[in-house]
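K.L.:
Quick one: the structure is below, questions incoming.
2 protein chains.
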Amino acid sequence: MGIHDLPRNESGIATALDVLRQRFGARLETGQALRAQHGHTTTWLATQAPDAVICPQSTEEVQEIVRICAAHRAPVIPFGTGTSLEGHVNAPAGGISLDFKEMNAILAVHPEDMDAVIQPGVTRKALNTHLRDTGLFFPVDPGADASLGGMAATSASGTNAVRYGTMKDNVLALKAVLPSGELVQTASRARKTSAGYDLTRLMVGSEGTLGIITELTLRLQGIPEAISAATCSFPSVEAACNAVILTIQYGLPVARIELLDALQVRAVNTYSKLDLPETPLLLLEFHGTEAAVTEQADVFGGIAAEMGGSGFTFTTREEDRTKLWQARHDAYWAALTLRPGAKGISTDVCVPVSRLAECVSAAQARLAADGFIAPIVGHVGDGNFHSLLLIDMENPAEIARAEEFIGWLNDLAISMGGTCTGEHGIGQGKAKYLERELGPGAMEMMRAIKRAVDPLNILNPGKMGLG
Amino acid sequence: MGIHDLPRNESGIATALDVLRQRFGARLETGQALRAQHGHTTTWLATQAPDAVICPQSTEEVQEIVRICAAHRAPVIPFGTGTSLEGHVNAPAGGISLDFKEMNAILAVHPEDMDAVIQPGVTRKALNTHLRDTGLFFPVDPGADASLGGMAATSASGTNAVRYGTMKDNVLALKAVLPSGELVQTASRARKTSAGYDLTRLMVGSEGTLGIITELTLRLQGIPEAISAATCSFPSVEAACNAVILTIQYGLPVARIELLDALQVRAVNTYSKLDLPETPLLLLEFHGTEAAVTEQADVFGGIAAEMGGSGFTFTTREEDRTKLWQARHDAYWAALTLRPGAKGISTDVCVPVSRLAECVSAAQARLAADGFIAPIVGHVGDGNFHSLLLIDMENPAEIARAEEFIGWLNDLAISMGGTCTGEHGIGQGKAKYLERELGPGAMEMMRAIKRAVDPLNILNPGKMGLG
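Which chain is which? The protein sequence lines are A and B, in order.
Position one of the first sequence corresponds to residue 1 (our numbering), numbered consecutively onward.
Position one of the second sequence corresponds to residue 1 (our numbering), numbered consecutively onward.
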């Protein structure tokens with residue numbers, strides 16, 4: 001997997017632990033189970049536990065901890081909910097895990113400006129629960145109820161990025177502690193700015209390697225007056241993808257447009273007792289006024305028919321929408337039942353939409369040839385899809401074959417003008433693909449920035465191939 | 001003004017000119033008029049001419065020129081159409097101006113992916129003319145027909161950023177030459193990515209201080225099936241701003257929402273022979289299906305009435321739309337007639353929308369108290385507005401008072417959680433406000449990045465306060 005332990009600065013880490021223990025007492029936790037849980041990843045990557053875990057309660061405490069760690073060259077690894085998929089929270093060189101669960105305050109909501117200022121430990125669902133009565137919501141929705149700090153660090157997105165964008169588009173500003181202990185405010189609360197380098201977007205997706213995020217200002221959206229949902233089956237992945245392309249070219253402001261492949265539909269039919277045709281399925285959602293969302297679903301129906309779609313159904317009633325989208329909501333759990341006992345390992349390529357059908361079809365063909373059970377779900381409006389490889393984690397040979405497949409698919413996506421990661425990030429496993437994707441110039445620039453901002457390489461070392 | 005000549009590396013520049021002349025012959029131009037034009041700014045900043053101008057014809061030539069200049073520590077200043085407002089193309093330490101007018105090829109248009117790959121010298125109007133038959137357009141529309149490379153470098157936007165975003169949102173990827181001569185490809189053509197640091201957005205808005213942009217991949221939008229335009233007069237700036245806030249909170253997907261203040265309306269009435277009430281005016285545009293844009297304009301009419309608006313008018317017919325928006329289209333030229341012979345100097349603050357009415361009103365009050373003639377136009381959906389101070393450029397005392405006003409307004413916007421620049425950039429004049437706005441941490445980080453990427457400080461030195 002290309003994940004290795006890195007050289008440990010034993011004496012520096014030991015001294016940092018001593019100093020931190022003097023300062024924070026029992027709040028510096030070193031129990032084995034807790035440490036292992038903080039170096040735990042939700043993919044096949046092995047756990048690499050930090051030496052200690054601490055839950056900072058304020059930005060000032062983060063500054064203090066970082067200064068102590070920097071003085072003794074001990075690594076610092078920020079931790080949200082631990083739901084990242086690419087080993088982002090692993091501690092290959094040891095060090096201190098900063099768990100943000102106690103920095104979970106919603107500091108301000110500005111309904112007129114449609115923004116909120118929060119601490120990084122707030123989860124997306126907690127924020128949306130808090131916002132319920134304001135008529136506003138935060139749209140970015142990865143599968144897990146992740147912390148918003150972690151979502152910013154990995155540049156997460158989800159099913160409605162096609163309408164509302166990713167974390168890159170929805171973080172207005174943030175505060176982060178640099179390795180020097182200095183606090184950076186990246187931007188003002190204005191909705192647009194040309195003031196200096198875009199440090200906000202440099203930090204978003206930097207996976208904890210440039211600074212420790214301690215505050216986020218997020219854009220909010222108005223809860224739409226009406227929502228319509230639509231589903232339609234297609235004879236082939238190509239037909240479904242062509243419907244996606246036409247829908248977006250037509251300018252339909254689709255809020256969600258998701259693809260399930262035939263295998264995934266079969267899994268859901270069994271799991272959720274549905275009787276959908278076992279062919280590729282598109283699920284859509286439109287947000288707007290009552291009249292607009294009805295019209296939009298209707299226009300999509302016409303496009304779908306033109307592309308050979310069948311079984312087009314749409315509704316604006318909430319309970320019917322839930323039923324219509326059940327196949328998508330149950331997709332992950334349904335997929336796992338295809339091979340009981342197996343663990344799902346997800347790919348994350350994203351290609352130009354014109355190449356999506358070709359990429360998905362090629363992936364399906366090779367998955368079948370290699371004998372994998374691996375249903376596919378796609379955020380197809382963005383050209384992003386996940387094949388969930390169901391793997392027996394006790395079988396090293398099978399894991400190696402999965403790894404080979406993933407490498408092949410990443411290279412295929414890159415050759416199509418795409419990326420190895422649409423929303424999961426680089427972390428530990430994908431560093432080599434990053435270099436293939438962007439080439440030596442970009443790596444040189446990223447490494448120069450990393451060295452300039454974190455010359456001691458104490459911030460989340462061993463990630464993104466940056467040191 | 002805070003604009004100064006910087007120390008010149010005379011011998012290095014002389015050697016670089018010699019080497020470049022040997023290589024490029026008469027293509028290295030040193031005529032005084034041409035040089036002055038390339039250090040010319042469209043604001044009050046004094047011209048600081050480069051030592052020579054060259055028009056590169058390929059990325060390889062840019063690499064070659066940058067390598068020669070780096071070897072002899074001669075500054076390199078990229079030049080698009082010279083329409084930036086903050087001295088971005090000035091050469092305070094001398095050096096070579098790279099004029100991109102000959103790198104103006106549209107390299108590829110991918111209609112299915114809704115993107116285009118272009119050279120930086122293509123102007124926004126040239127791109128949209130080229131796209132005319134594809135049903136697609138590029139939405140970012142600053143006042144000038146600027147080059148897209150320059151628009152990316154300054155993070156430009158315009159009237160429809162509220163719907164389509166700014167350059168930050170519409171550059172998918174770019175290529176840039178680093179001071180080392182190395183070429184960086186910042187991202188793939190995928191519509192979303194979590195692959196590494198967001199070098200695309202770091203470059204956008206970096207004002208030529210980190211790399212020389214030689215290629216851009218731009219997101220395109222579908223030309224809407226229908227457009228509706230609406231205008232409405234309001235008794236006060238506050239009433240107009242409250243209508244803006246409600247419109248956006250309601251989730252109306254407004255494509256444009258512009259404010260003219262009473263003085264600007266008076267100017268347009270005279271200039272364009274209109275008879276609008278001389279009170280604040282909002283102009284809106286909606287993009288979508290025929291039914292949607294009619295409904296949206298209608299919903300806005302209701303909001304406007306609730307906020308005390310009067311004279312609400314809307315239309316979807318193209319010739320009527322043009323007439324309805326005439327007040328906005330003619331705003332700049334109409335403003336200039338308020339004081340014949342004067343030159344317009346534009347402010348560019350952007351504040352959270354909740355503070356917009358207060359900020360505009362305070363600006364109006366002080367402009368009146370100071371005796372300035374300065375109509376206001378605002379991209380109010382974003383909280384961004386420009387007061388155009390009409391100044392006698394032969395009167396140094398008046399210029400000094402204008403400078404004082406601008407500083408006061410920048411500080412006011414910053415104190416309201418806003419920025420000194422929504423879309424014009426920092427350039428030479430605003431470096432001190434950048435520091436006040438973001439504080440020492442952000443400046444430290446920006447300077448560290450600048451030093452790491454451009455250790456010799458040869459890329460557009462003297463801009464953004466970064467060296």
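We treat Cβ as the ideally placed atom computed from N, Cα and C, and that holds for glycine.
Cα-Cα, which of A:P235, A:C350 and A:A74 is closest to A:A161?
P.N.:
Stepping through the first sequence from its first residue, residue 161 of chain A is reached at position 161. Measuring from the Cα of A:A161, the nearest candidate turns out to be A:C350.
K.L.:
Considering only the beta carbon of each residue, do A:G143 and A:Y332 sit closer than 9 Å?
P.N.:
As a working note, residue 143 of chain A is residue 143 in the first sequence. As a working note, residue 332 of chain A is residue 332 in the first sequence. Cβ atoms of A:G143 and A:Y332: closer than 9 Å.
K.L.:
Mapping the DSSP letters down to three states, classify B:T347 as helix, strand or coil.
P.N.:
Taking the first residue of the second sequence as position 1, residue 347 of chain B is located at position 347. In the structure shown, B:T347 sits in coil (DSSP, three-state: anything other than H, G, I, E or B).
K.L.:
Would you report the Cα separation of A:V109 and B:K101, rounded to the nearest angstrom?
P.N.:
In the first sequence, residue 109 of chain A corresponds to position 109, counting from 1. In the second sequence, residue 101 of chain B corresponds to position 101, counting from 1. Straight-line Cα distance between these residues: approximately 47 Å.
K.L.:
Using 9 Å as the limit for Cβ to Cβ distance, is A:S468 near chain B?
P.N.:
Because chain A in this structure spans residues 1 to 467, residue 468 of chain A falls outside the shown range and cannot be described.
K.L.:
Could you give the first and the last residue of the continuous alpha helix (DSSP H) run that contains A:D411?
P.N.:
Along the first sequence, one-based indexing puts residue 411 of chain A at 411. P396 to S415 is the extent of the alpha helix (DSSP H) around A:D411.
K.L.:
Does A:L210 have its Cβ less than 9 Å from a Cβ in chain B?
P.N.:
On the first sequence, position 210 is the one that residue 210 of chain A refers to. Yes, because at least one Cβ of chain B sits closer than 9 Å to the Cβ of A:L210.
K.L.:
When the Cα atoms are used, what is the spatial distance from A:C482 to A:E285?
P.N.:
With chain A covering 1 to 467 only, the question about residue 482 of chain A has no answer from this structure.
K.L.:
Going by C-alpha to C-alpha distance, which of B:H287, B:L172 and B:A357 sits closest to B:A474?
P.N.:
Absent from the structure is residue 474 of chain B, since the part of chain B shown begins at 1 and ends at 467.
K.L.:
Can you find at least 3 beta carbon pairs, one from the segment 186-206 of chain A and one from the segment 172-185 of chain B, that sit closer than 8 Å?
P.N.:
The segment 186-206 of chain A, when compared against the segment 172-185 of chain B, does not touch it at the 8 Å Cβ threshold.
K.L.:
Starting from A:P440 and walking both ways along the alpha helix (DSSP H), at which residues does that stretch end?
P.N.:
By 1-based counting over the first sequence, the position of residue 440 of chain A is 440. A431 to V453 is the span of the alpha helix (DSSP H), which, as asked, contains A:P440.
K.L.:
Which residue comes first and which comes last in the alpha helix (DSSP H) that contains B:D320?
P.N.:
Residue numbering aside, residue 320 of chain B sits at position 320 when the second sequence is read from its first letter. B:D320 -> alpha helix (DSSP H) spans E318 to L324.
K.L.:
For the segment 186-209 of chain A, which residues have a CB atom closer than 8 Å to at least one CB atom of chain B, in sequence order?
P.N.:
From the segment 186-209 of chain A, only T186, A187, S188, R189, A190, R191, K192, T193, S194, A195, G196, Y197, D198, L199, R201, L202, V204, G205 and S206 have a Cβ closer than 8 Å to chain B.
K.L.:
Cβ of A:H424 less than 9 Å from any chain B Cβ?
P.N.:
Within the first sequence, residue 424 of chain A is the residue found at index 424, counting from 1. A:H424 counts as touching chain B.
K.L.:
Just to confirm before moving on: does the CB-CB distance between A:G222 and B:G251 stay below 9 Å?
P.N.:
If you number the first sequence from 1, residue 222 of chain A lands on position 222. If you number the second sequence from 1, residue 251 of chain B lands on position 251. The answer is yes: Cβ separation under 9 Å.
K.L.:
Which residue wins for smallest C-alpha separation from A:S188, given the options B:D113, B:L466, B:M443 and B:E437?
P.N.:
For the purposes of this step, residue 188 of chain A is taken as residue 188 along the first sequence, with counting starting at 1. Answer by Cα proximity: B:E437.
K.L.:
Buried or exposed: A:R132, going by 16 or more other Cβ atoms within 10 Å of its Cβ?
P.N.:
Looking up residue 132 of chain A in the first sequence gives position 132. So A:R132 counts as exposed.
K.L.:
Excluding five sequence neighbours on each side, which residues of the same chain lie with their C-beta closer than 7 Å to the C-beta of A:N9?
P.N.:
Your numbering for residue 9 of chain A matches position 9 in the first sequence. Around A:N9: R73 and A74.
K.L.:
Go to A:I227, then tell me how far its beta strand (DSSP E) extends in each direction, as first and last residue.
P.N.:
Within the first sequence, residue 227 of chain A is the residue found at index 227, counting from 1. A226 to S233 is the extent of the beta strand (DSSP E) around A:I227.
K.L.:
Can you find the residues in the same chain that come closer than 6 Å, C-beta to C-beta, to B:A230, ignoring five residues on each side of it along the sequence?
P.N.:
Indexing the second sequence from 1 puts residue 230 of chain B at position 230. Cβ neighbours of B:A230 beyond the five flanking positions: L284, A297, F300 and F314.
K.L.:
Just curious, the alpha helix (DSSP H) that B:V293 is in, first and last residue?
P.N.:
Stepping through the second sequence from its first residue, residue 293 of chain B is reached at position 293. Unbroken alpha helix (DSSP H) run through B:V293: E290 to E306.
K.L.:
Taking only beta-carbon atoms, is A:Q221 less than 9 Å away from chain B?
P.N.:
Start at 1 with the first residue of the first sequence, and residue 221 of chain A comes out as number 221. Cβ-Cβ to chain B under 9 Å: yes for A:Q221.
K.L.:
What does the alpha-carbon distance come out to for the pair B:H386 and B:I345?
P.N.:
Here the question's residue 386 of chain B lines up with position 386 in the second sequence. Here the question's residue 345 of chain B lines up with position 345 in the second sequence. Their Cα atoms are separated by approximately 9 Å.
K.L.:
List the whole-angstrom C-beta distance separating A:P461 from A:L6, where the pair is believed to meet the contact cut-off of C-beta under 8 Å.
P.N.:
For this step, residue 461 of chain A is matched to residue 461 along the first sequence. For this step, residue 6 of chain A is matched to residue 6 along the first sequence. At roughly 6 Å, the Cβ-Cβ gap stays under 8 Å, so A:P461 and A:L6 are in contact.
K.L.:
If the cut is a Cβ gap below 9 Å, which residues of chain B does A:Q249 touch?
P.N.:
If you number the first sequence from 1, residue 249 of chain A lands on position 249. Residues of chain B passing the Cβ test: P111, E112, M114, G135, L136 and G222.
K.L.:
Should A:M464 be flagged as near chain B, meaning a C-beta pair shorter than 9 Å?
P.N.:
Translated into positions along the first sequence, residue 464 of chain A becomes position 464. Taking Cβ atoms only, chain B reaches closer than 9 Å to A:M464, which makes this a yes.
K.L.:
If we ignore side chains and look at the alpha-carbon of each, how far apart do A:L412 and A:C359 end up?
P.N.:
The residue you call residue 412 of chain A lines up with position 412 of the first sequence. The residue you call residue 359 of chain A lines up with position 359 of the first sequence. Distance between the alpha carbons of A:L412 and A:C359 is about 8 Å.
K.L.:
Any C-beta of chain A sitting closer than 9 Å to the C-beta of B:D51?
P.N.:
Locating residue 51 of chain B in the second sequence gives position 51, where the first residue counts as 1. Not an interface residue.
K.L.:
Could you confirm whether any beta carbon from chain B is found closer than 9 Å to the beta carbon of A:I449?
P.N.:
Indexing the first sequence from 1 puts residue 449 of chain A at position 449. It does; some Cβ of chain B falls within 9 Å.
K.L.:
In chain order, which continuous runs of the alpha helix (DSSP H) of length 4 or greater are located wholly inside the segment 40-107 of chain B?
P.N.:
Taking only runs of at least 4 residues, the alpha helix (DSSP H) segments lying wholly in the segment 40-107 of chain B are 59-71.
K.L.:
Which residues of chain A have a Cβ atom closer than 8 Å to the Cβ of B:T421, listed in chain order?
P.N.:
Counting from 1 along the second sequence, the entry for residue 421 of chain B is found at position 421. Here the neighbours are T193, S194 and A195.
K.L.:
Could I get the ranges of all uninterrupted beta strand (DSSP E) runs contained in the segment 110-137 of chain A, with 3 residues as the minimum, in chain order?
P.N.:
Runs of the beta strand (DSSP E) inside the segment 110-137 of chain A: 115-118.
K.L.:
Would B:A226 and B:T289 qualify as a contact pair, given that the criterion is a beta-carbon distance under 9 Å?
P.N.:
For the purposes of this step, residue 226 of chain B is taken as residue 226 along the second sequence, with counting starting at 1. For the purposes of this step, residue 289 of chain B is taken as residue 289 along the second sequence, with counting starting at 1. Contact: yes.
K.L.:
When the Cα of A:R21 is compared with those of A:P92, A:S206 and A:I96, which residue comes out closest?
P.N.:
Walking along the first sequence from the start, residue 21 of chain A turns up at place 21. Measuring from the Cα of A:R21, the nearest candidate turns out to be A:I96.
K.L.:
Hey, is A:I458's beta-carbon within less than 9 Å of any beta-carbon in chain B?
P.N.:
As a first step, residue 458 of chain A must be located in the first sequence, where it is residue number 458. So no, A:I458 is outside the interface.
K.L.:
Can you grab the Cα-Cα spacing for the pair B:R67 / B:N90, in whole Å?
P.N.:
For this step, residue 67 of chain B is matched to residue 67 along the second sequence. For this step, residue 90 of chain B is matched to residue 90 along the second sequence. Going by the C-alpha atoms only, they are around 21 Å apart.
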